[in-house]
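Q: Have a look at the structure that comes next, please.
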Amino acid sequence: MLEEFHPRKTKLLLGHDKQINTFKVAIKNEKLHHSWILEGPEGIGKSTFAYLITRLMLTSNPKDSFLKNNIFYEENSINNQILNNVHPDLKVIENTNQEKSSTSSTNIIPVSKVREIENFFSKKASFGGWRICIIDSLDKLNTYGLNSLLKILEEPPEKSLILAISNSKTNILSTLRSRCSILRFSALNNYDCSNILNNILVNIGNEELQKLIILSEGSPGKALIIHNNKGLELYKIIVKLFLNIPTISMSSIENINDILVNKTNINGLNIIKIIFAVFISRTYRRHYNIINDEISEDEIKAQINCLKKLNLDNLSTFWDRIYDIINQAILLNLNKKQTVLEIINDLTKSLNNEEKYVLNDDK
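Set out below in structure tokens:
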């Protein structure tokens, strides 16, 4: 995550009025649960929401201070402390840029950081009010971290609040979930996505904006990753790749590699995982005739060709293999070009038996 786009620096929240009202009622009635899991797709504003609630709770009168016109940041000492992550009554558990490793596929938050929460809550609030912990995210905790958090939730101190982000509930212990209130978030609609992205990407053209909205599937966070890592250009190359199979274009392979090694690509191999996931997801939806927005005529033809040359089972196996190949390459810091070649090789193996691929040295 680029520091300039960190959720604590975000000034605009759109599309989660129901969730805001849930907290508003709980605060007003003084029935706010001590621990919450904010659950939903990645990049839709859950962390931004957590910082909004934090700002409200750390003000002197949270009942009287709530969201106005979707803008919740004002220049004052409390907001500036939160902005710079130095407020003494706020503990944030996340991987900082310094701690993230380019060789880690999961960026696991160490259990030692989770144990810091217990020490944090053992102290009195500096301003006599609430103490708040944001965990971003539960997906980055291993079994040891989750068990450590579970112990903290068993006896939470008064006026403490834990806001835990969850992008996928598959790894969360049922006992942990049972001790938390679950607040579910949904992907944003195109209108809200457009407003958020226009507010951040002030010079973006309308055509590029619309493509980002379609490919991000209701996630402004994903749209920013795609935009900042030449994802639209990469998607166009992937479309061409599937448009021409069983012929495999050497230029497509080189073009993919050029994007991956470009210094503007800060997401490394993860960007190709995101783009392949979007293409395959949209291919499945095309098969079931549930696509509402189109990117291009070439995409339509490429997905139809993909469905013809690979059956759905082969396509599913191919995606599983891509996921494994990229994660392994990130973990072991393998050569990017070699990783791309391995993906292409796996694609050729996934083609229907009667399809014979041809390597085309086009330029």
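First residue of the sequence shown? That's 13 in the numbering used here, and the numbers climb one at a time after it. We put the beta carbon where it would ideally sit given N, CA and C, even for glycine.
Can you tell me whether DSSP reads N304 as helix, strand or coil?
A: Taking the sequence shown and counting its residues from 1, the one referred to as residue 304 is at position 292. Three-state result, N304: coil.
Q: Looking at C-beta atoms only, is the number of pairs between the region 192–202 and the region 280–287 that lie closer than 8 angstroms three or more?
A: no
Q: Between which two residues does the beta strand (DSSP E) carrying A176 extend?
A: Your numbering for residue 176 matches position 164 in the sequence shown. Run containing A176: S172 to S178, per the beta strand (DSSP E) assignment.
Q: Where does R294 fall in DSSP's three states?
A: Along the sequence shown, one-based indexing puts residue 294 at 282. Residue state, collapsed to three classes: helix.
Q: With distances taken from CA atoms, which of L68, D336 and I177 is nearest I355?
A: To locate residue 355, count along the sequence shown from 1; it is residue 343. Of the listed residues, the one whose Cα sits closest to I355 is D336.
Q: For S47, does the three-state DSSP call read helix, strand or coil?
A: Walking along the sequence shown from the start, residue 47 turns up at place 35. Of the three classes helix, strand and coil, the one that applies to S47 here is strand, per DSSP.
Q: Just the C-alpha distance for S89 and R127, rounded to the nearest angstrom, thanks.
A: Counted from its first residue, the sequence shown places residue 89 at position 77. Counted from its first residue, the sequence shown places residue 127 at position 115. Going from the Cα of S89 to the Cα of R127 covers about 28 angstroms.
Q: Report, in whole angstroms, the separation of the C-beta atoms of S47 and L165, which I expect to be a contact under 8 angstroms.
A: What you label residue 47 is simply residue 35 of the sequence shown in a count that begins at 1. What you label residue 165 is simply residue 153 of the sequence shown in a count that begins at 1. Sure, about 5 angstroms apart at Cβ, within 8 angstroms.
Q: Alpha helix (DSSP H) containing N256: first to last residue?
A: Position 244 of the sequence shown, counting from 1, holds the residue named residue 256. For N256, the enclosing alpha helix (DSSP H) starts and ends at G243 to N256.
Q: State yes or no: is the C-beta of L70 within less than 9 angstroms of the C-beta of W142?
A: For the purposes of this step, residue 70 is identified with residue 58 of the sequence shown, where counting begins at 1. For the purposes of this step, residue 142 is identified with residue 130 of the sequence shown, where counting begins at 1. Cβ atoms of L70 and W142: closer than 9 angstroms.
Q: Pick helix, strand or coil for V214, following the three-state DSSP scheme.
A: To locate residue 214, count along the sequence shown from 1; it is residue 202. Reduced to three states, the DSSP call for V214 is coil.
Q: I need the boundaries of the alpha helix (DSSP H) containing T60, first residue and last residue.
A: Working through the sequence shown from its first residue, we reach residue 60 at position 48. Counting along the chain, the alpha helix (DSSP H) containing T60 begins and ends at K58 to M69.
Q: Sorted by chain position, which residues of the same chain lie with C-beta nearer than 6 angstroms to V123's C-beta, five sequence neighbours on each side aside?
A: As a first step, residue 123 is located in the sequence shown; it is residue number 111 there, counting from the start. Closer than 6 angstroms at Cβ, skipping near neighbours: Y156, G157 and S160.
Q: In the structure shown, what three-state DSSP assignment does H192 receive?
A: As a working mapping, residue 192 is identified with position 180 in the sequence shown. Note that residue 192 is Cys in the sequence shown, not His. DSSP places C192 in coil when its eight states are reduced to three.
Q: Taking 8 angstroms as the threshold, find out whether the region 258–267 comes into contact with the region 299–314 through three or more Cβ pairs.
A: Touching, no.
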